[in-house]
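Per the numbering used here: the sequence shown = residues 38 to 249.
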Amino acid sequence: RAMSRALPQRPASAIVAQAAGDRLPSYVTREQARAIINATTTTVHRLLLECLWQSGGRVSEVLRLRLSDIDPEAPLLHLVNMKQSKRLRGGALPRKVVVVSADLVAQLRALARDARIPADGYVFRSQKSQERPMSYGHCWRLIRQYSIAAGIEVIGSDGHLRPANGRDFRHGAAVNQVRQGVPLSEVQQQLGHARIDTTTIYTKLAARDLAS
Numbered sequence: 038r039a040m041s042r043a044l045p046q047r048p049a050s051a052i053v054a055q056a057a058g059d060r061l062p063s064y065v066t067r068e069q070a071r072a073i074i075n076a077t078t079t080t081v082h083r084l085l086l087e088c089l090w091q092s093g094g095r096v097s098e099v100l101r102l103r104l105s106d107i108d109p110e111a112p113l114l115h116l117v118n119m120k121q122s123k124r125l126r127g128g129a130l131p132r133k134v135v136v137v138s139a140d141l142v143a144q145l146r147a148l149a150r151d152a153r154i155p156a157d158g159y160v161f162r163s164q165k166s167q168e169r170p171m172s173y174g175h176c177w178r179l180i181r182q183y184s185i186a187a188g189i190e191v192i193g194s195d196g197h198l199r200p201a202n203g204r205d206f207r208h209g210a211a212v213n214q215v216r217q218g219v220p221l222s223e224v225q226q227q228l229g230h231a232r233i234d235t236t237t238i239y240t241k242l243a244a245r246d247l248a249s
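See the structure below:
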């Protein structure tokens with residue numbers, strides 16, 4: 038008993054992920070995501086991570102967000118669905134509509150106004166080229182940086198703790214939506230899954246997390 042008390046306590050999500058093996062993905066909880074977002078040091082970085090969390094979008098999708106992709110009448114973002122490789126007529130990539138908070142939309146518009154971003158300009162721009170989006174690698178490093186600053190770690194596929202990454206934000210957003218009672222079909226739409234059975238994995242994560 039003395040030995041068991043001396044063992045470090047791991048978060049429930051880590052125990053769940055290890056027990057499930059590679060079948061279930063790692064993710065950040067709502068509290069962990071909030072801690073990481075609160076650790077950001079610039080408005081752009083904070084809104085970038087907030088977009089990732091609220092939309093459940095892939096890093097590559099959120100980085101492609103243009104000012105014109107923010108719905109003018111509702112708290113919606115129109116994101117390119119990078120998982121759907123089939124292009125539409127004219128070579129355009131398919132898009133998905135994701136629901137976010139009205140406050141986030143207002144802050145994104147304020148950012149675009151202050152930075153003088155044109156309607157067709159990217160919201161999260163490269164520091165070197167204001168005409169191109171922030172690079173995938175740079176965003177990935179930012180998430181890791183702020184995860185470390187917030188002291189947040191998740192269990193990786195190798196069973197070891199590591200800083201959170203963009204995929205952890207996406208998976209965590211989905212688990213959070215399921216736990217809040219959002220219908221699975223709506224979670225599927227938000228994530229841009231072609232098949233709903235792909236989305237059901239998050240119901241398992243949510244259920245096991247609550248059970249533990």
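Beta carbons: idealized from backbone N, C-alpha and C, even for Gly.
Would you mind sorting residue i into buried or exposed? The rule is 16 or more other CB atoms within 10 Å of its CB.
| i | result |
| --- | --- |
| Arg150 | exposed |
| Ala156 | exposed |
| Glu68 | exposed |
| Ser92 | buried |
| Thr236 | buried |
| Gly229 | buried |
| Ala231 | exposed |
| His197 | exposed |
| Gly218 | exposed |
| Gln225 | buried |
| Gln214 | buried |
| Tyr173 | exposed |
| Ser194 | exposed |
| Ala139 | exposed |
| Ile154 | buried |
| Ile233 | exposed |
| Pro220 | exposed |
| Ser105 | exposed |
| Val166 | It is Ser, not Val, that sits at residue 166 in the sequence shown. The residue in question, Ser166, is exposed, as its Cβ has fewer than 16 Cβ neighbours within 10 Å. |
Look up residue i in the DSSP assignment and give the residues it is bridged to.
| i | result |
| --- | --- |
| Arg103 | Tyr159 |
| Arg132 | Val117 |
Skipping 5 residues on each side, what residues in its chain have a beta carbon closer than 6 Å to that of residue i?
| i | result |
| --- | --- |
| Ala187 | Ala72, Ile73 and Ala76 |
| Met119 | Arg95, Ser97 and Glu98 |
| Tyr159 | Arg103 and Pro170 |
| Gln227 | Gly93 and Val135 |
| Ile185 | Pro200 |
Would you please state the rounded distance, in angstroms, between the beta carbons of residue i and residue j? I believe it to be under 8 Å.
| i | j | result |
| --- | --- | --- |
| His175 | Tyr64 | Going by Cβ atoms, the distance from His175 to Tyr64 rounds to 22 Å, so no, they are not a contact pair. |
| Val117 | Glu98 | 6 Å |
| Val134 | Pro112 | About 11 Å; that fails the 8 Å criterion. |
| Leu100 | Ile107 | 15 Å between Cβ atoms; not a contact. |
| Tyr239 | Ala211 | 4 Å |
Residues in its own chain within less than 7 Å of residue i by CB, not counting five upstream and five downstream?
| i | result |
| --- | --- |
| Asp205 | Ser63, Tyr64, Val65 and Val191 |
| Gln144 | Leu84 |
| Asn202 | Trp177, Ile180 and Arg181 |
| Arg132 | His115, Leu116, Val117 and Asn118 |
| Lys241 | Leu61 |
| Ser163 | Arg169, Pro170, Met171 and Ser172 |
| Ala152 | none |
| Arg216 | Ala243 |
Leaving out five residues on either side along the sequence, give the residues of the same chain with a beta carbon under 8 Å from the beta carbon of residue i.
| i | result |
| --- | --- |
| Leu148 | Thr80, Val81, Leu84, Ile154 and Val160 |
| Leu141 | Leu84, Glu87, Cys88, Gln91 and Pro112 |
| Ala244 | none |
| Ser222 | Ile233 |
Can you determine whether any heavy atom of the ligand FAD sits closer than 7 Å to the C-beta of residue i, and answer yes or no?
| i | result |
| --- | --- |
| Gln182 | The model depicted lacks the ligand FAD and carries no ligand whatsoever. |
Any beta carbon of chain D sitting closer than 8 Å to that of residue i?
| i | result |
| --- | --- |
| Leu130 | In summary, chain D is missing from the structure at hand, where a single protein chain is found. |
For the stretch 159-237, list the alpha helix (DSSP H) runs that are entirely contained and at least 4 residues long, ordered along the chain. 173-187, 203-216, 221-228 and 233-236
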